[in-house]
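Numbering (full-length UniProt numbering), first residue to last: 1 to 206. For reference, the structure discussed in these notes is given below.
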Ligand code: UP5
Ligand code: MG
């Protein structure tokens with residue numbers, strides 16, 4: 001981490017950044033759809049998982065071992081680590097002029113949801129990808145043949161599914177009760193899912 005924020009106050013002026021949370025089970029297609037939105041809609045895409053993997057690989061990181069263990073076990077890295085990485089990444093892009101962010105794979109636990117909205121920005125809404133477990137399993141096992149990801153194996157995938165249901169779905173339900181979730185089915189070809197994503201964003205004025 002290049003810098004650590006000791007303040008709980010948001011470094012962003014109110015309403016100056018717009019954040020969409022992108023949630024869905026492991027392998028639902030969050031990263032795939034975000035990449036398309038970056039190309040066509042000019043969002044900045046920040047995957048919490050990618051930021052954690054980069055921090056894990058960074059020489060001298062004091063969180064490397066902790067992150068590696070959590071990722072392999074499909075558990076959630078303590079929010080202080082992920083929140084600091086996200087805040088830093090958003091700030092870097094904001095200073096370059098970006099104001100629209102897709103935050104992918106975060107928040108996946110209630111404490112993270114509350115802290116992010118208090119310390120960084122209130123999300124515009126959550127884009128939630130619905131996908132049957134057997135479809136996600138097949139996608140991840142296929143990707144695991146070449147991805148090199150430590151969690152693309154059947155044992156880790158089962159743990160990730162359990163964490164998703166027990167810990168992350170309550171976050172989606174919490175936002176849903178506030179009318180702040182847009183759901184998209186994603187067990188269809190990529191372009192068909194993307195058409196639904198565009199339709200969903202249109203409904204929200206994007
Ligand atoms: N694919 C995608 N869409 C397809 C489609 N429509 N049809 C056919 N194939 C499709 O896609 C997965 C695979 O499916 C790819 O091969 C793709 O080509 C294909 P991808 O877009 O990568 O799906 P995604 O939902 O992004 O899957 P990912 O594996 O990244 O999801 P996870 O949520 O499990 O992973 P993430 O990187 O977010 O988190 C990993 C771990 O980090 C977590 O388990 C946790 O331990 C830790 N973490 C935290 O602790 N805190 C955080 O805040 C975030 C992560
Ligand atoms: Mg991903």
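Ideal Cβ placement from N, Cα and C applies to all residues, glycine included. Quick caveat: nothing in here was measured; it's all calculated off a predicted structure.
Alpha-carbon to alpha-carbon, residue j and residue i
i           : j           : result
residue 192 : residue 67  : 34 Å
residue 89  : residue 46  : 8 Å
residue 165 : residue 24  : 10 Å
residue 84  : residue 204 : 28 Å
residue 148 : residue 73  : 16 Å
residue 119 : residue 9   : 5 Å
residue 115 : residue 69  : 23 Å
residue 174 : residue 152 : 28 Å
residue 3   : residue 182 : Unreliable placement is indicated for residue 3, whose pLDDT of 47 sits below 50; no coordinate value is reported for it.
residue 53  : residue 176 : 29 Å
residue 154 : residue 65  : 22 Å
residue 210 : residue 60  : This structure leaves residue 210 out entirely; the chain is present only between 1 and 206.
residue 58  : residue 36  : 28 Å
residue 15  : residue 206 : 16 Å
Cut-off 8 Å between Cβ atoms - residues of its own chain near residue i, not counting five sequence neighbours on either side
i           : result
residue 139 : 27 and 29
residue 51  : 82, 85, 86 and 89
Residues near residue i in its chain [Cβ-Cβ closer than 7 Å; skip 5 each side]
i           : result
residue 187 : 131, 132 and 135
residue 76  : 70, 108, 109, 163 and 167
residue 19  : 101, 103, 121, 123 and 124
residue 31  : 47 and 104
residue 170 : 110
residue 91  : 11
residue 200 : 127, 182 and 184
Contact belief for residue i with residue j at Cβ below 8 Å, rounded distance in angstroms
i           : j           : result
residue 100 : residue 42  : 7 Å
residue 106 : residue 48  : 4 Å
residue 33  : residue 194 : 6 Å
Span of the alpha helix (DSSP H) around residue i
i           : result
residue 159 : 154-163
residue 12  : Unbroken run through residue 12: none, as it is neither H nor E.
residue 64  : 64-73
residue 36  : 30-41
Close Cβ partners of residue i (< 6 Å) along its chain, the five nearest in sequence each way excluded
i           : result
residue 44  : 93, 98 and 101
residue 196 : 184
residue 178 : none
Host beta strand (DSSP E) of residue i (start-end)
i          : result
residue 47 : 44-47
residue 24 : 18-24
Residue-level contact to chain B via CB, residue i, 8 Å cutoff
i           : result
residue 184 : In the displayed structure, chain B is absent; only one protein chain is listed.
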